Amino acid sequence: MAYKVSKFRFVPYIYKWSNEVHHLLPAHYKRRCQQFMRAEPLFVHVKYNDEKYTVKQRGRDMIKERVQNVPVKVIYPEESNNGLWGGEGIIVGLKKCKIRKYSNRVPKIWKPLLVKKPLYSEIFNKFYLVTVTMRTLNLIDENFGFDNYILKTSEAQLNSQLAMKFKREMLLEICNMADNPVKHEKLLKRYDKFLMDREEAEWIGLPSSEAVKKAVKEYEDKQEVVPLKELFIQQLLEAGDLNVFEPAFVFKDPPHTISPLLFIS
Numbered sequence: 026m027a028y029k030v031s032k033f034r035f036v037p038y039i040y041k042w043s044n045e046v047h048h049l050l051p052a053h054y055k056r057r058c059q060q061f062m063r064a065e066p067l068f069v070h071v072k073y074n075d076e077k078y079t080v081k082q083r084g085r086d087m088i089k090e091r092v093q094n095v096p097v098k099v100i101y102p103e104e105s106n107n108g109l110w111g112g113e114g115i116i117v118g119l120k121k122c123k124i125r126k127y128s129n130r131v132p133k134i135w136k137p138l139l140v141k142k143p144l145y146s147e148i149f150n151k152f153y154l155v156t157v158t159m160r161t162l163n164l165i166d167e168n169f170g171f172d173n174y175i176l177k178t179s180e181a182q183l184n185s186q187l188a189m190k191f192k193r194e195m196l197l198e199i200c201n202m203a204d205n206p207v208k209h210e211k212l213l214k215r216y217d218k219f220l221m222d223r224e225e226a227e228w229i230g231l232p233s234s235e236a237v238k239k240a241v242k243e244y245e246d247k248q249e250v251v252p253l254k255e256l257f258i259q260q261l262l263e264a265g266d267l268n269v270f271e272p273a274f275v276f277k278d279p280p281h282t283i284s285p286l287l288f289i290s
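In the working numbering, the protein residues as written are 26 to 290.
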C-alpha cells in the first residue's frame with residue numbers, strides 16, 4: 026500500500042508497503058506518512074503569490090485574471106537524502122540566448138550549490154560534517170540553531186532521510202535526558218516541548234523497509250511460542266483420535282535372557 030503524492034509535488038523518497046503488513050504498523054506512523062505524501066508542494070524556486078486575482082493590461086483594456094501558482098518541476102536525486110538541501114533540487118529548462126536576442130532558447134540545467142559545513146548539535150554536544158546549501162544555512166540561522174531547525178521543521182520541508190534520522194535520534198536523546206532530569210535540567214527546559222513517548226519517537230521518519238521489519242519483529246515477539254510436540258498432540262486430540270497414546274504392540278511375557286556365565290568353562 027502506498028499513499029499518493031499530491032499533484033505538482035516531487036519527493037526524493039516515498040512510503041510504500043504491502044497490504045499484508047498494513048495492520049501491523051502503528052497508527053501514528055501511518056498518519057505521519059500520509060501527511061508527508063499529501064503535503065502541499067514547496068515554492069523554493071518560484072515566488073508564491075498570495076493574491077487570488079491580478080489585473081493585466083491588454084491593449085486599451087484591463088483584464089482581471091486568476092493567479093495560478095504552479096510549482097516548477099524539481100528533480101531530487103538519491104544524493105539529496107544524504108544531505109540537507111533545504112528543499113532545493115535540480116531544475117531542467119530552457120534559457121534565452123544572450124548572444125542572439127531572437128534566437129531559439131537553449132537547454133539549461135540549474136543545480137544547487139552544495140558545500141560541506143560542520144553543524145553543531147547542542148543535544149548531542151558534537152559537530153557533524155553535512156552537505157548543505159546556502160538556503161539550509163539561512164534556515165538554521167532563522168531557527169537559532171541546528172537542533173531547532175531539525176525539530177521545528179516538518180518532514181515535507183526537510184525533504185531528506187538524513188534530516189529525519191537526525192530528528193529521530195534527537196527525540197530519542199530527549200527521552201533519555203528526561204530519565205535523568207537533574208543532570209540535563211538546562212537542556213530539558215529548552216527542548217521539553219519536543220518530549221514524546223519513546224515508542225512513538227522510535228518510528229519518526231523511519232523508512233518503510235525498516236518500519237516493516239520492525240513491525241513484523243514486534244508482532245512475532247508478542248506471539249506465544251508453542252512447541253511442535255504439544256501442537257501436534259492438540260491437533261490429534263481435536264481430530265478425535267483417542268488411541269494416539271496407546272503403544273503399537275505390547276510384550277506379554279518378558280523375553281528370556283541367557284546368562285553369559287553358561288559359556289564359561
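Glycine included, each C-beta is placed from N, C-alpha and C at the ideal position.
As the structure is a computational prediction, the values presented were derived from the model and not from experiment.
Cβ neighbour criterion (16 or more within 10 Å) applied to residue i
{"i": "Pro-159", "result": "Correcting the residue type first, residue 159 is Met in the shown sequence and not Pro. Its Cβ having fewer than 16 others within 10 Å, Met-159 is exposed."}
{"i": "Lys-192", "result": "buried"}
{"i": "Val-99", "result": "buried"}
{"i": "Val-36", "result": "buried"}
{"i": "Ser-43", "result": "exposed"}
{"i": "Phe-294", "result": "What the structure shows of the chain is the stretch from 26 to 290, and residue 294 is not part of that stretch, so it cannot be assessed."}
{"i": "Gly-108", "result": "buried"}
{"i": "Glu-113", "result": "buried"}
{"i": "Cys-17", "result": "For residue 17 there is no data in the structure shown, the boundaries of the chain being 26 and 290."}
{"i": "Glu-4", "result": "Nothing about residue 4 can be read from this structure; the chain reaches only from 26 to 290."}
{"i": "Tyr-244", "result": "exposed"}
{"i": "Leu-253", "result": "exposed"}
{"i": "Ser-105", "result": "buried"}
{"i": "Phe-288", "result": "Caution applies to Phe-288, whose pLDDT of 47 falls short of 50 and renders its modelled position unreliable; the value that the coordinates give is listed next. By the 10 Å Cβ count, Phe-288 comes out exposed."}
{"i": "Leu-138", "result": "exposed"}
{"i": "Phe-61", "result": "buried"}
{"i": "Val-155", "result": "buried"}
Residues bridged to residue i (per DSSP)
{"i": "Pro-143", "result": "Leu-154"}
{"i": "Pro-132", "result": "Leu-119"}
{"i": "Ile-258", "result": "Answer by DSSP bridge pairing: none, since Ile-258 is not bridged."}
Collapsed DSSP secondary structure at residue i in the structure displayed
{"i": "Gln-93", "result": "coil"}
{"i": "Leu-187", "result": "helix"}
{"i": "Tyr-174", "result": "helix"}
{"i": "Gln-82", "result": "strand"}
{"i": "Leu-109", "result": "strand"}
{"i": "Met-23", "result": "Here the chain covers residues 26 to 290 and nothing more, so residue 23 does not appear."}
{"i": "Ile-100", "result": "strand"}
{"i": "Lys-29", "result": "coil"}
{"i": "Lys-41", "result": "strand"}
{"i": "Leu-73", "result": "For the sequence presented, residue 73 should be read as Tyr rather than Leu. Coil."}
{"i": "Ala-64", "result": "coil"}
{"i": "Met-159", "result": "helix"}
{"i": "Val-207", "result": "coil"}
{"i": "Arg-56", "result": "helix"}
{"i": "Met-202", "result": "helix"}
{"i": "Glu-194", "result": "helix"}
{"i": "Ile-165", "result": "helix"}
{"i": "Phe-149", "result": "coil"}
{"i": "Arg-215", "result": "helix"}
{"i": "Val-46", "result": "helix"}
{"i": "Arg-125", "result": "coil"}
{"i": "Arg-34", "result": "coil"}
{"i": "Glu-227", "result": "coil"}
Same chain only: Cβ atoms within 6 Å of residue i, ignoring 5 sequence neighbours per side
{"i": "Pro-63", "result": "Per the sequence presented here, residue 63 reads as Arg, with Pro not at that position. Excluding positions up to five away in sequence, the list reads Ser-31."}
{"i": "Glu-147", "result": "Asp-172"}
{"i": "Trp-135", "result": "Ile-116"}
{"i": "Leu-164", "result": "Gly-111 and Tyr-174"}
{"i": "Asn-184", "result": "Gly-112"}
Contact set for residue i: own chain, Cβ-Cβ below 8 Å, skip 5 residues either direction
{"i": "Tyr-78", "result": "Lys-89, Glu-90, Arg-91 and Val-92"}
{"i": "Lys-190", "result": "Gly-230"}
{"i": "Tyr-73", "result": "Asn-94"}
The ligand GTP heavy atom lying under 7 Å from the CB of residue i
{"i": "Gln-248", "result": "Of the ligands one can find in the structure shown there are none, so the ligand GTP has no counterpart to examine."}
Own chain residues within Cβ distance below 7 Å of residue i, not counting five before or after
{"i": "Ile-175", "result": "Ala-188, Phe-191, Lys-192 and Met-195"}
{"i": "Gly-118", "result": "Lys-133"}
{"i": "Leu-213", "result": "Met-202, Ala-203 and Pro-206"}
{"i": "Val-71", "result": "Pro-96 and Val-97"}
{"i": "Val-46", "result": "Val-237, Ala-240 and Val-241"}
{"i": "Met-87", "result": "Val-80"}
List, from N- to C-terminal side, the beta strand (DSSP E) runs of 3 residues or more that fit wholly inside the stretch 229-257. Entirely contained in the stretch 229-257, not one beta strand (DSSP E) run reaches 3 residues.
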